[in-house]
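Notes for the one structure printed next.
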Amino acid sequence: MDLATIVGLVAGAIIFSLVAVLGGNVVIFVSVQSALVVLGGTLAGVMISYTFQDLKNIPNLLRVSFQDDKMESEHVIENLVNFAEKARREGLLALEDDAAEMDDEFLQKGIQLVVDGTDPELVRNILETKLTFLQERHAKGRGIFATMGQLAPAFGMIGTLIGLVQMLSQLDDPNQLGSGMAVALITTLYGALLANWIFIPLSKNLETQSNHEIHVKEVIIEGILSIQAGENPRIVKEKLHAFLSEGEKEEVEARINETGEVGAAENAS
1 MDLATIVGLV
11 AGAIIFSLVA
21 VLGGNVVIFV
31 SVQSALVVLG
41 GTLAGVMISY
51 TFQDLKNIPN
61 LLRVSFQDDK
71 MESEHVIENL
81 VNFAEKARRE
91 GLLALEDDAA
101 EMDDEFLQKG
111 IQLVVDGTDP
121 ELVRNILETK
131 LTFLQERHAK
141 GRGIFATMGQ
151 LAPAFGMIGT
161 LIGLVQMLSQ
171 LDDPNQLGSG
181 MAVALITTLY
191 GALLANWIFI
201 PLSKNLETQS
211 NHEIHVKEVI
221 IEGILSIQAG
231 ENPRIVKEKL
241 HAFLSEGEKE
251 EVEARINETG
261 EVGAAENAS
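If you're matching positions, the sequence shown starts at 1 in the UniProt record's numbering and goes up one per residue.
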């Protein structure tokens, strides 16, 4: 689970609840009518904007927002350098068994194309095409929450206008003006709260995760093409290091050196 996402949502709930409690009367912030206008209107707008097939992916998008099992660039580079060393010693066909055991479908597909002797330009085209469609799917997914973030405040204002109309229709009863104004403003509050606390942050969360995944897959493409070209593992490592920060480079170097030392010890025994 992604701890930052969970902490952010819980912290927001605590802060808003605390402010309401310190204000005295918590009940005044509860309005079924306001919730219906904001949530119902937002849902209706999203259903018009996207297909039902797109909306069926919302549970998966929420799962992705809370998960923390993404592949890290340094792990990928470590594996690619090891593959480069093995391919240089035993040939590209030696990677076939490794490809079958991989969990990442994109990396598995790339290695399999190389093992099958596919032309390097065709390998790049296939993998970049898969990456392009992946970006489009991700854009559509985060676009759903971005749209909800745009619609929620708008329907909050619509609900406020409805409340004002109802309030003004009862000007002959001054006792209803205060409560009517409160309900009207609560609708705007709901819209702004849902947009800026949930919908827009979730959209940004998905964008961040998408950028990370695309970055990792770009590393994979360059690594696979380098392996296919028969480049020296040291050259492969240096080339892929360009995708990393200084801290990540040091971590990869340490892991590769550790792997090499273990391998040397095993060979000596």
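Ideal Cβ placement from N, Cα and C applies to all residues, glycine included.
Would you say residue 205 and residue 5 are within 8 Å of each other, going by their C-beta atoms? By one-based count along the sequence shown, residue 205 stands at place 205. By one-based count along the sequence shown, residue 5 stands at place 5. A Cβ-Cβ contact shorter than 8 Å links residue 205 with residue 5.
According to DSSP, is residue 98 part of a helix, a strand, or is it coil? Residue numbering aside, residue 98 sits at position 98 when the sequence shown is read from its first letter. In the structure shown, residue 98 sits in a helix (DSSP, three-state: H, G or I).
- Message: Tell me the residue span of the alpha helix (DSSP H) that contains residue 145.
- Response: Taking the sequence shown and counting its residues from 1, the one referred to as residue 145 is at position 145. Start and end: 120–168.
**Message:** Suppose contacts are defined by Cβ-Cβ distances below 8 Å. Is residue 159 in contact with residue 199 by that definition?
**Reply:** Residue 159 sits at position 159 when you count from the first residue of the sequence shown. Residue 199 sits at position 199 when you count from the first residue of the sequence shown. Going by C-beta atoms, residue 159 is not nearer than 8 Å to residue 199.
**Asked** If we count Cβ pairs, one from each stretch, closer than 8 Å, do we get three or more for the region 230–239 versus the region 70–90?
**Response** Taking 8 Å as the limit for Cβ pairs, the verdict is that the region 70–90 does touch the region 230–239.
Buried or exposed by the 16-neighbour rule on C-beta atoms within 10 Å, applied to residue 27: Residue numbering aside, residue 27 sits at position 27 when the sequence shown is read from its first letter. Exposed: under 16 other Cβ atoms inside 10 Å.
Going by C-alpha to C-alpha distance, which of 131, 86, 139 sits closest to residue 115? Locating residue 115 in the sequence shown gives position 115, where the first residue counts as 1. The shortest C-alpha separation from residue 115 is found at 86.
Item to complete: Give a yes or no on whether the C-beta atoms belonging to residue 77 and residue 219 are separated by under 8 Å.
Response: For the purposes of this step, residue 77 is taken as the residue at position 77 of the sequence shown. For the purposes of this step, residue 219 is taken as the residue at position 219 of the sequence shown. Taking 8 Å as the Cβ cut-off, residue 77 and residue 219 qualify as a contacting pair.
Inset, instruction - Could you tell me whether the Cβ atoms of residue 171 and residue 46 are closer together than 8 Å? - result: Walking along the sequence shown from the start, residue 171 turns up at place 171. Walking along the sequence shown from the start, residue 46 turns up at place 46. With respect to residue 46, residue 171 sits apart: the two C-beta atoms are not nearer than 8 Å.
Handout entry: Outcome for residue 15 when other beta-carbon atoms lying within 10 angstroms are tallied against a minimum of 16
Key = Here residue 15 refers to the residue found at position 15 when the sequence shown is read from its first residue. So residue 15 counts as exposed.
- Please confirm whether residue 8 and residue 153 have their CB atoms less than 8 Å apart. Position 8 of the sequence shown, counted from the first residue, corresponds to residue 8. Position 153 of the sequence shown, counted from the first residue, corresponds to residue 153. Contact: no.
Checklist entry - Just how far apart, CA to CA, sit residue 110 and residue 140? => result By one-based count along the sequence shown, residue 110 stands at place 110. By one-based count along the sequence shown, residue 140 stands at place 140. Each residue's alpha carbon lies about 25 Å from the other.
Alpha-carbon spacing of residue 106 relative to residue 227, whole angstroms
For the purposes of this step, residue 106 is identified with residue 106 of the sequence shown, where counting begins at 1. For the purposes of this step, residue 227 is identified with residue 227 of the sequence shown, where counting begins at 1. Taking C-alpha positions only, residue 106 is separated from residue 227 by approximately 16 Å.
field: Own chain, CB closer than 8 Å to residue 31, minus 5 neighbours either side, in chain order
entry: On the sequence shown, position 31 is the one that residue 31 refers to. Taking C-beta separations shorter than 8 Å and ignoring five residues to either side along the sequence, the partners of residue 31 in its chain run 183, 186, 187, 190, following chain order.
8 Å contact criterion, which residue 67 and residue 2 should meet: CB distance rounded:
The residue you call residue 67 lines up with position 67 of the sequence shown. The residue you call residue 2 lines up with position 2 of the sequence shown. About 6 Å; that satisfies the 8 Å criterion.
Using a 10 Å radius around the Cβ and a threshold of 16 neighbouring Cβ atoms, would you call residue 117 buried or exposed? For the purposes of this step, residue 117 is taken as residue 117 along the sequence shown, with counting starting at 1. By the 10 Å Cβ count, residue 117 comes out exposed.
Taking 6 Å as the limit between beta carbons, can you name the residues of its chain near residue 207, skipping five residues before and five after? As a working mapping, residue 207 is identified with position 207 in the sequence shown. Result list for residue 207: 142, in chain order.
Contact check, residue 244 vs residue 73, beta carbons under 8 Å: Counting from one through the sequence shown, the residue named residue 244 turns up at place 244. Counting from one through the sequence shown, the residue named residue 73 turns up at place 73. Closer than 8 Å, so yes.
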